[in-house]
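This report refers to the structure that appears directly beneath it.
There are 2 protein chains.
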Amino acid sequence: MQSHDLKQIIKNADHAINQENFDDLMNFYSEDAILVVKPGMLAKGKAEIRRAFEAIANYFNHSLIVNQEKMEIIETGDTALVIAKAILSANQKKDSEFSMERTATYVFKKEVDGTWRCVIDNSYGAELLQ
Amino acid sequence: MQSHDLKQIIKNADHAINQENFDDLMNFYSEDAILVVKPGMLAKGKAEIRRAFEAIANYFNHSLIVNQEKMEIIETGDTALVIAKAILSANQKKDSEFSMERTATYVFKKEVDGTWRCVIDNSYGAELLQ
Chain A
1 MQSHDLKQII KNADHAINQE NFDDLMNFYS EDAILVVKPG MLAKGKAEIR
51 RAFEAIANYF NHSLIVNQEK MEIIETGDTA LVIAKAILSA NQKKDSEFSM
101 ERTATYVFKK EVDGTWRCVI DNSYGAELLQ
Chain B
131 MQSHDLKQII KNADHAINQE NFDDLMNFYS EDAILVVKPG MLAKGKAEIR
181 RAFEAIANYF NHSLIVNQEK MEIIETGDTA LVIAKAILSA NQKKDSEFSM
231 ERTATYVFKK EVDGTWRCVI DNSYGAELLQ
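In order, the protein sequence lines correspond to chains A and B. When we follow this note's numbering, the leftmost residue of the first sequence carries the number 1, and every step to the right adds one. When we follow this note's numbering, the leftmost residue of the second sequence carries the number 131, and every step to the right adds one.
This is the structure we're talking about:
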């Protein structure tokens, strides 16, 4: 099952975020990927997405840890929808502890080289409607 | 903006559901589309999706009305993620009134003919994780 591939890919992407290895992280995104930085603010393309992750890392004083606790993957052809319970934690958000749970929505696309890449990264899920 | 196209397309699809015009409705889906019939039960491809809609229409004694109250669309290249507040109501569900709200997640793909078609129809959204 390709779903297992996607779970591993997302796990590897979380690892890259947690290590602040943004060179590796950018390999998980398509060239025209969109990241929802926060509701109403989108980063589009690898350069903007990288800058957003750098800003987020700074905001959390380089202590952010992201992990997906649960995941459901619906896949057909070269498209996959991932619904995930994402856990974010940081021990140094401006000197206070921080932990939150988000219901995230990701869309992946299998590119012509056979690699799944994230095209839409919406860690806010349905919070966008609020 | 193509987002407006998608809003109209989804409105037209809801109209087809409400009219039980399943010939028209199937035009909104890609050949390999997946419909989440309920958590754990998927319909794949137009033939299965059509049978699922016919069963749903029967279940509600042909009184189901679907409408999207709010919608957020994130679109890049030939892929779009739609997060919607869907309202379902029926006045004859086995002789009782019925109304519910769902936070739905749809993925659309622009096909080579330039038409957006639904590839993943998950009206349960993050309920899949429960």
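Built from N, CA and C at the ideal position, the CB exists for glycine as well. Quantities reported herein were computed from a predicted structural model and do not represent experimental measurements.
What are the boundary residues of the beta strand (DSSP E) that ASN188 (chain B) is part of? Taken as a continuous stretch (DSSP letters only), ASN188 (chain B) belongs to no beta strand (DSSP E), being part of the alpha helix (DSSP H) at 176-189.
Taking LEU155 (chain B) as part of the alpha helix (DSSP H), name the residues at either end of that continuous run. 152-156
With distances taken between CB atoms, is the gap from ALA126 (chain A) to PHE108 (chain A) smaller than 8 Å? no
Residues of chain B with CB closer than 8 Å to the CB of GLY114 (chain A), please, in chain order. Those do not exist, as GLY114 (chain A) stays about 17 Å from chain B at its closest Cβ, beyond 8 Å.
Report yes or no: do three or more beta-carbon pairs, one from the region 73-87 of chain A and one from the region 161-179 of chain B, lie closer than 8 Å? yes
What's the C-alpha gap between GLU231 (chain B) and ARG247 (chain B)? 24 Å
Cβ closer than 8 Å: which chain A residues qualify as neighbours of GLU202 (chain B)? LEU128, LEU129
My guess is that PHE183 (chain B) and LEU155 (chain B) are in contact by the Cβ rule of under 8 Å, so how many angstroms apart are they, rounded? 7 Å
Looking at chain B, is there any beta carbon in it that lies within less than 8 Å of the beta carbon of ILE9 (chain A)? no
In whole angstroms, what separates the C-alpha of VAL36 (chain A) from that of TYR159 (chain B)? 26 Å
Looking at the structure shown, is ILE195 (chain B) part of a helix, part of a strand, or coil, going by DSSP? strand
Helix, strand or coil: how does DSSP classify GLU231 (chain B) here? strand
Same chain only: Cβ atoms within 8 Å of PHE152 (chain B), ignoring 5 sequence neighbours per side: ALA146, ARG180, PHE183, GLU184
Between the alpha carbons of LYS7 (chain A) and LEU136 (chain B), how many angstroms are there, rounded? 29 Å
Are any of the Cβ atoms in chain A nearer than 8 Å to that of LYS215 (chain B)? yes
In this structure, does DSSP put THR115 (chain A) in helix, strand or coil? coil
Residues that DSSP places opposite TYR159 (chain B) in a beta bridge: B:CYS248
Compare the beta carbon distance of ILE250 (chain B) and ILE140 (chain B) with 8 Å and say whether it is the shorter of the two. no
Compute the Euclidean distance between the alpha carbons of GLN198 (chain B) and ALA187 (chain B), then round it to the nearest angstrom. 18 Å
By alpha-carbon positions, which one of A:ASN12, A:GLU97, A:LYS85 ends up nearest to TYR124 (chain A)? A:LYS85
Below-8 Å beta-carbon distance, VAL119 (chain A) vs any chain B residue: yes
Residues of chain B with CB under 8 Å from ALA33 (chain A), in chain order? THR206
Would a check of beta-carbon distances place VAL36 (chain A) closer than 8 Å to chain B? yes
Return the residue from the list A:GLU97, A:LYS70, A:ASP78 that minimises the CA-CA distance to ILE87 (chain A). A:LYS70
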